[in-house]
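All the letters of the sequence shown, read from the start, carry residue numbers 173 to 433 under this note's numbering.
What follows is a short report on a single structure.
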Amino acid sequence: MNWFEALILGIIQGLTEFLPVSSSGHLELGKALLGINAERSLIFTVIVHGATVLSTIVIFYRDILQLLKGIFRFKWNEETQYFFKIIISMIPVVILGLFFMEEVEGFFTGNIRFVGFMLILTSILLAFTYLKKSNKRTINFWDSFIIGIAQAIAVIPGISRSGATIATGILLGNRKEIIAKFSFLMVLIPIIGANAKDLFSNEMASESSIGAIPLFIGFMAAFITGALACKWMIKMVSKGNLIYFSIYCFVIGVLAIIFAA
173 MNWFEALILG
183 IIQGLTEFLP
193 VSSSGHLELG
203 KALLGINAER
213 SLIFTVIVHG
223 ATVLSTIVIF
233 YRDILQLLKG
243 IFRFKWNEET
253 QYFFKIIISM
263 IPVVILGLFF
273 MEEVEGFFTG
283 NIRFVGFMLI
293 LTSILLAFTY
303 LKKSNKRTIN
313 FWDSFIIGIA
323 QAIAVIPGIS
333 RSGATIATGI
343 LLGNRKEIIA
353 KFSFLMVLIP
363 IIGANAKDLF
373 SNEMASESSI
383 GAIPLFIGFM
393 AAFITGALAC
403 KWMIKMVSKG
413 NLIYFSIYCF
423 VIGVLAIIFA
433 A
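Here's what the structure looks like:
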């Protein structure tokens, strides 16, 4: 992988991590179009995911600080309850990571036809949110678990994590701006944990097919575009414009299937 390919893939990751179009799916499509071996570029995937986590922390640092202040009051206040909702939402993806990691990694083999079908599935899920008109609830503990299940399913490339979690929250009747923020915050701990595990694994440590410069360029591209996309996505969700992303996912999914054929 050269620096230009790293730049393109970093931009793809940053833009699509927060938009409901599946960053993992687009990253796999990008690797296929650029002729990059999907299995030998795992370290790059980990690095750019780490970049988008950092961009999330930068965008929501006030909310995170407020949350931490509330937690360390050691009271059953709003912040502590919110924190436990995040913990509950993590349960499905933690179970998946601990017991089904090999099965999950089996999806990341550059199977473009499969990614295309999953993008179409994401499109259908987003389309359902267009029919949901009333959203007045705040997230409760049961909602957080259901949204967590959606996040676990979204490890499949082509199924958007933000799209699945936000759409699930909207279909449960939660307010759009609340579910958007929850969707972005709930993923921080799982991704940080997964990245730390991968970076210190023997397989990752032995991989040397990608140089430091492409990794740095990919990281910075994903960080900058991720921060911009995060802000934009919050505005888009609040306005209820997910139908446009549904159309986009459907078109890209169909094109991916045709390309694979």
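For every residue, glycine included, the Cβ atom is placed at its ideal position computed from N, Cα and C.
- By the CB criterion at 8 Å, I215 and G390 fall outside the cutoff.
- By the Cβ rule, the stretch 289-308 counts as touching the stretch 414-423, because three or more pairs are nearer than 8 Å.
- Per DSSP, the beta-bridge partners of R309 are N346.
- Classified as exposed, I430 has fewer than 16 neighbouring CB atoms from the shown chains inside 10 Å of its CB.
- The Cβ atoms of T224 and G398 lie closer than 8 Å to each other.
- Going by C-alpha positions, F395 is about 5 Å away from S227.
- In the assembly as shown, N346 is a buried residue. Its beta-carbon has 16 or more other beta-carbons within 10 Å.
- Listed in chain order, the alpha helix (DSSP H) runs fully inside the stretch 180-233 are 195-206, 214-231, counting runs of at least 4 residues.
- Setting aside the 5 residues that flank it on each side, I364 is surrounded in the same chain by V225, each with a C-beta closer than 7 Å to its C-beta; the list follows chain order.
- Minimum Cα-Cα distance from L344 among the listed residues P329, L357, A352, N307 corresponds to N307.
- In this model, P362 and I267 are separated by some 11 Å (Cα to Cα).
- The beta carbon of S295 is closer than 6 Å to those of S418, C421, F422 in its chain, skipping five residues each way along the sequence.
- With respect to the 8 Å criterion, V287 and E200 are classified as neighbours on the basis of their beta carbons.
- Looking at the backbone, the Cα of N249 and that of L427 are separated by about 49 Å.
- With respect to the C-alpha of H221, the residue from L293, K241, M392 having the closest C-alpha is M392.
- Taking C-beta separations shorter than 7 Å and ignoring five residues to either side along the sequence, the partners of I208 in its chain run M173, E177, following chain order.
- In terms of Cα proximity to A339, the closest of L293, L360, A368 is L293.
- Here the C-alpha atom of V327 lies approximately 10 Å from the C-alpha atom of A336.
- Scanning its chain for C-beta atoms nearer than 6 Å, with the 5 sequence neighbours on each side dropped, one finds around A432 the residues I284, R285, in chain order.
- DSSP places G383 outside both helix and strand once states are collapsed to three, so it counts as coil.
- Restricting attention to P264, T252, I331, the CA atom closest to the CA of L291 is found in I331.
- The beta carbon of I243 is closer than 7 Å to those of E251, T252, F255 in its chain, skipping five residues each way along the sequence.
- Distance from the CA atom of S195 to the CA atom of L181, rounded to whole angstroms, is 10 Å.
- Taking the C-beta atoms as reference points, F356 is found nearer than 8 Å to F190.
- When DSSP states are grouped into helix, strand and coil, V265 belongs to the helix group.
- Ranking I321, E274, R245, L205 by CA distance to the CA of I260 puts I321 first.
- Annotation for V287: the continuous alpha helix (DSSP H) segment containing it runs 284-302.
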